[in-house]
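First to last, the sequence lines map onto chains A and B.
Residue numbers for the first sequence follow the numbering used here, so the first one is 139 and each next one is one higher.
Residue numbers for the second sequence follow the numbering used here, so the first one is 139 and each next one is one higher.
Everything on this sheet refers to the single structure shown next.
Protein chains: 2
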Amino acid sequence: MTSPMAARGRDVRRRLTAAAVELIAEKGWSAVSTRMLAERAGVAPGLVHYHFPSLRALLTEAAIGAMREAVAGIEPASDLVDGLLGPLDAYTGRDPVSLVFVETYLAATRDEQVRSAISALVAEFQGKVAGWLADRGVVAPEATAAVLMATIDGLMVHRALNPMARTDLRPVLRRLVEGGAVCGS
Amino acid sequence: MTSPMAARGRDVRRRLTAAAVELIAEKGWSAVSTRMLAERAGVAPGLVHYHFPSLRALLTEAAIGAMREAVAGIEPASDLVDGLLGPLDAYTGRDPVSLVFVETYLAATRDEQVRSAISALVAEFQGKVAGWLADRGVVAPEATAAVLMATIDGLMVHRALNPMARTDLRPVLRRLVEGGAVCGS
DNA sequence: ATGCGCCTTGGACAACTGCCCAAGGCGCAT
DNA sequence: ATGCGCCTTGGGCAGTTGTCCAAGGCGCAT
C-alpha cells in the first residue's frame, strides 16, 4: 500500500506536529520557529517547508489536532462534575495540553482560519455537554454548558498561576449543574 | 519640582507603556518588538532601552499596570452577578484589556517575575470577592470566588471565539452564588 | 560661556527569522 | 543500469530581532 519512503515521510510529519505542540506550550505560539521545530523533531530545517506550506499551517494543524484529540477522550459519567473534572485533574495549567488550548484561543484572535476551526470544535463539544445536561433535567442546558466550559478553561489558566485543590472546588461547581435541577424540583 | 526635560521623559515612559498594552493585545506578547513599540509611541527606537532595562521589563510593567487598573474599578454591587458581569459586558474578548489579561496569564507561565506579580494581583482581588460573598452568606466563599473569577476569565476567552448573549448566561451564573445560600436556607 | 544632567537620535552589531532551492539519496519498476 | 518519484540535506536570501553606543540637544546653574 505504501512505500517505505512514503512511510518515513508520514513519520516526519507526525514528529513535526508533535514537536509543534510541545513548543507552542513551551515558548508560545508566535515564538516557535522553523529551526526550533526541526531540531526538536530531529529533522533537517528544510523539511518543515517541504511537508507544510508554511509555519502557520503547521502550527494550526498541530494545535487543532491536539485539541480534537484531548476533547475526544471525554465521555459522560454518571456524575457530570466528576466526569469533567477528572480530565481537569490531569491538566494542571502548565502541561502541554492546557497551554496549547489557551495559546490557540489567542491565536484564533489573530487568524481567522484558526478561529473558525476552534469555534467549531468548541461548539461541537459544548453541544454534547448540553445534551448530557438536558438528559439530567438541568434547566437551560445550552447556557449551562457554555458557562461550564468557560469555567473549566478559566480554572486551567488560573491553576497555572496559583495551584488550588480541586476537591474544594467540586461542591461549588456542582451548584452549576444541580442548582437548576435539584433546587427547583 | 520637575524640570521640563524630566517631564518629557516621564511622558515618553507613559506613551511606551500605553503602546505596549495596545501591541500585546494586537500582536501577542512575544510578537511585540522594540521598533514596533517606538513607532506606535512616536519616539525613536533607542529610547526604549534608555527608559527600560529590557523589552521584557517594559512589557511586564505595562501589562501589570493595565491589569491593576482594570481590576481597581470593580466595586461590590447589591447584585454581585450584575456587578461582576457589568465590566464583563465591556470586555468582549477582543478588546485590549481582555487580551492583555490572557496574554499575561500565558506570559506568567514562562516568566517567574510576571507569575508572582499576577498571582498576587489575582489573589488580592479574589480575596475581596470572597469577602463580598461571605457578607451575603454564600457558603464556601473562598472556593466560590475562585470559581467565579475563573468563569469570568473563561467567558472572556470563549466570547472571543463565539460571541454569546450575556443575558442568557446570567441566571446560570447566579446559581453559583445563590445555590449555596438560597437553596439551602 | 562653560559645564553638568538628563533626554534623544540614528545607526551598528551579531543573531535570528520564514521561506526557497539546487543538489543528492533512496526504493522500485523497467 | 537507467529513469522516475518522493524524501532529504544544507546553505542562501532578504528582512527582522534585542541590545548597545557614540554623538548631539536641551534646560539650567555657574
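By construction, the Cβ of each residue, glycine as well, lies at the ideal position given by its N, Cα and C atoms.
Answer with buried or exposed for residue i, where buried requires no fewer than 16 other C-beta atoms within 10 angstroms of its C-beta.
{"i": "residue 230/A", "result": "exposed"}
{"i": "residue 292/A", "result": "buried"}
{"i": "residue 207/A", "result": "exposed"}
{"i": "residue 160/A", "result": "buried"}
{"i": "residue 245/B", "result": "buried"}
{"i": "residue 262/A", "result": "exposed"}
{"i": "residue 173/B", "result": "exposed"}
{"i": "residue 264/A", "result": "buried"}
{"i": "residue 215/B", "result": "exposed"}
{"i": "residue 166/A", "result": "buried"}
{"i": "residue 279/B", "result": "buried"}
{"i": "residue 148/B", "result": "exposed"}
Contact criterion: CB-CB distance below 7 Å. Does residue i meet it with respect to chain B?
{"i": "residue 314/A", "result": "yes"}
{"i": "residue 292/A", "result": "yes"}
{"i": "residue 254/A", "result": "no"}
{"i": "residue 247/A", "result": "yes"}
{"i": "residue 267/A", "result": "no"}
{"i": "residue 159/A", "result": "no"}
{"i": "residue 298/A", "result": "yes"}
{"i": "residue 244/A", "result": "yes"}
Indicate whether at least one CB of chain A lies closer than 7 Å to the CB of residue i.
{"i": "residue 275/B", "result": "no"}
{"i": "residue 310/B", "result": "yes"}
{"i": "residue 197/B", "result": "no"}
{"i": "residue 149/B", "result": "no"}
{"i": "residue 154/B", "result": "no"}
{"i": "residue 271/B", "result": "no"}
Less than 8 Å between the CB atoms is what I'm expecting for residue i and residue j, so what's the real figure, rounded?
{"i": "residue 151/B", "j": "residue 189/B", "result": "5 Å"}
{"i": "residue 223/B", "j": "residue 154/B", "result": "About 33 Å; that fails the 8 Å criterion."}
{"i": "residue 168/A", "j": "residue 169/B", "result": "4 Å"}
{"i": "residue 238/A", "j": "residue 163/A", "result": "5 Å"}
{"i": "residue 271/B", "j": "residue 315/B", "result": "6 Å"}
{"i": "residue 242/A", "j": "residue 232/B", "result": "That pair is no contact at about 16 Å."}
* Given a limit of 9 Å on CB to CB distance, which residues of the stretch 162–195 of chain B reach chain A? -> 163, 164, 165, 166, 167, 168, 169
* Asked: Between the stretch 207–238 of chain A and chain B, which residues of the former have a C-beta closer than 7 Å to a C-beta of the latter?
  -> 232, 237
* What are the residues of the stretch 276–289 of chain B that lie near chain A, defined by any Cβ-Cβ distance shorter than 9 Å? -> 277, 278, 280, 281, 282, 284, 285, 286, 287, 288, 289
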